[in-house]
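This report refers to the structure that appears directly beneath it.
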Amino acid sequence: MSDAVGPHPSFIEVRKPYIFEHQLRHAMDAIGMTEAKDTLLRLQGIDYINEVRLALNMPIRTFNTAAVYYHKFRLVHSDQEYGWADAALAALFTASKIEDTLKKSRDILCAAHNMKASPADQLSADDPIFEDRAKIIIGMERLMLEASGFDFTSRHPQDILVKFCKHARLPKDTVGNTAWNMAIDLYRTFAPLKQQRAVQALACLELSARLHDIDIDSIAPGPSCSFNYKTWAVDRQGIMETLLDLLDLYTHNRSATTVGPKHDLDAFITIRITMNQEVSANSLPRYTQAPPGDENASLAKAEKASPFTATVTNGIKRAANGHPKSKSSPFLSHVSNPATPASPSTPAPVGLRGQNSTVRFMFDPMRAGEEKEEVDRYFRVEEEEYEVEVEVERPVRVSGNGNGVRSGGGAEKEKERERERERER
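Next comes the structure, spelled out in structure tokens:
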């Protein structure tokens, strides 16, 4: 039988519509990203995307998509593999194609340069200085798509936020405008990766209403609430998690946001205390989709989430988002190669997968799981246990004079040898 190794069964990548907190922390640990460095790169990149987007007069939906692609890209690639400014512009370039607001890579680079340049140093898009960086951005576009699993679906909370504001009859000039800016600030956190757009919109509306001291009975759970949470497939836990994510942003990085500098820090701290009291009174977890038994799910122990993965749902009617977990990837939805197992603590570099094998992208997680089970049959190690009887000689019995004498049949043979020696004498 030949010992030749057959073809690699390839890697399967499944799209990731939602990425929860414990998966985010697992991904950060896998690429060696610290919390402080992540916060710095995240805020710098999103702010850069927003500034260039405004310079090019691109709509808010392009900003939303670019921010999501930037987040997903950073979860897969270490910061040593790219420059954060190039990654931000590549995310905006990719989003401009997806949202049908196409801009050339040179146009985006030119706008980013002219933002900080004096009128005398303004350049045109066809300047040769942008040639090298344009190639880098075009090359990173493929990595952006791969990091998202070629998931072209987008969630925009702004349009539904306007409808909720009108439905609840909240003031447009105060609560509405602040909630709109909060929906932009929300993309400076990972909340858009974890929650659906209705949860994001309701969280922004509630926090805006609390900042302006407006009655929130029309949007908060209760007899006067004008929203049916089940109809929109939302729950209080998801809204509370998004609220706390926003409050963390405004209390720790207020100057890097749009809404933060317009309000006092004490106002956010007061709201945070109120939210903490509600969490404690209702025994709500800090992160709604934390794995069962995770002691870090509580509000007091939210510093470090467990990398344990579980089949979870995000919302009341949402489909399960727990696809088969790969041992060579920080995400749940990667289906790994069964021939090369690895431990979760030592994930394989994502960029190296396509060098020695094929990476295929699937949109149906059920089909990916069925294919993985089929391939596993050819790499499963089967063992069989059986017993074999082996004759073993009896041990030598030492006599009183020190001569070794074998027991049983061995003693008879020893006597015959003694007789032969006497005859020879």
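One rule links them: number in our numbering = place in the sequence shown (from 1) + 41.
All residues carry an ideal CB built from backbone N, CA and C; glycine is no exception.
Cβ-Cβ distances below 7 Å link residue 222 to 299 and 300 in the same chain, with the five nearest sequence neighbours on each side left out; the list follows chain order. Note on geometry: alpha-carbon atoms of residue 282 and residue 306 lie some 20 Å from one another.
Inclusion of residue 253 and residue 219 in the CB contact set at 8 Å is warranted, their separation being smaller than that value.
Contact check for residue 133 against residue 158 fails: the beta carbons are separated by 8 Å or more.
The closest CA to that of residue 210, considering only 325, 414, 188 and 250, is found on 250. Residue 99 carries a coil assignment under DSSP once its states are collapsed to helix, strand and coil. With distances taken between CA atoms, residue 262 lies nearest to 277 out of 433, 411 and 277.
Boundaries of the beta strand (DSSP E) harbouring residue 402: 400 to 403, taken from the DSSP string. Short of 6 Å from the beta carbon of residue 401, and not among the five residues preceding or following it, lie these beta carbons of its own chain, in chain order: 51 and 53.
Counting only residues of its own chain and dropping the five nearest sequence neighbours on each side, residue 92 has a CB closer than 7 Å to the CB of 156. Secondary structure of residue 300 (DSSP, three-state): coil. The Cβ atoms of residue 406 and residue 109 do not sit closer than 8 Å to each other. About 11 Å separates the beta carbons of residue 292 and residue 314, which is beyond the 8 Å limit, so they are not a contact pair.
DSSP places residue 53 in the uninterrupted beta strand (DSSP E) bounded by 52 to 55.
Residue state for residue 254 is assigned as coil, using DSSP reduced to three classes. In this structure, residue 182 lies near residue 135, with their beta-carbon atoms less than 8 Å apart. Taking 4 residues as the shortest admissible run, the stretch 157 to 190 contains the following complete alpha helix (DSSP H) segments, listed from N- to C-terminal end: 172 to 188. In the three-state scheme derived from DSSP, where H, G and I count as helix and E and B as strand, residue 221 is classed as helix. DSSP, reduced to helix, strand and coil, places residue 73 outside both helices and strands of the structure shown, so it counts as coil.
When 105, 94 and 73 are compared, the shortest CA-CA separation from residue 122 is found for 73. Per DSSP, the unbroken alpha helix (DSSP H) holding residue 293 starts and ends at 277 to 293. With contacts defined by Cβ atoms closer than 8 Å, residue 164 and residue 149 do not form a contacting pair. Taking the C-beta atoms as reference points, residue 175 is found no nearer than 8 Å to residue 137. Rounded to whole angstroms, the separation of the alpha carbons of residue 244 and residue 308 is 17 Å.
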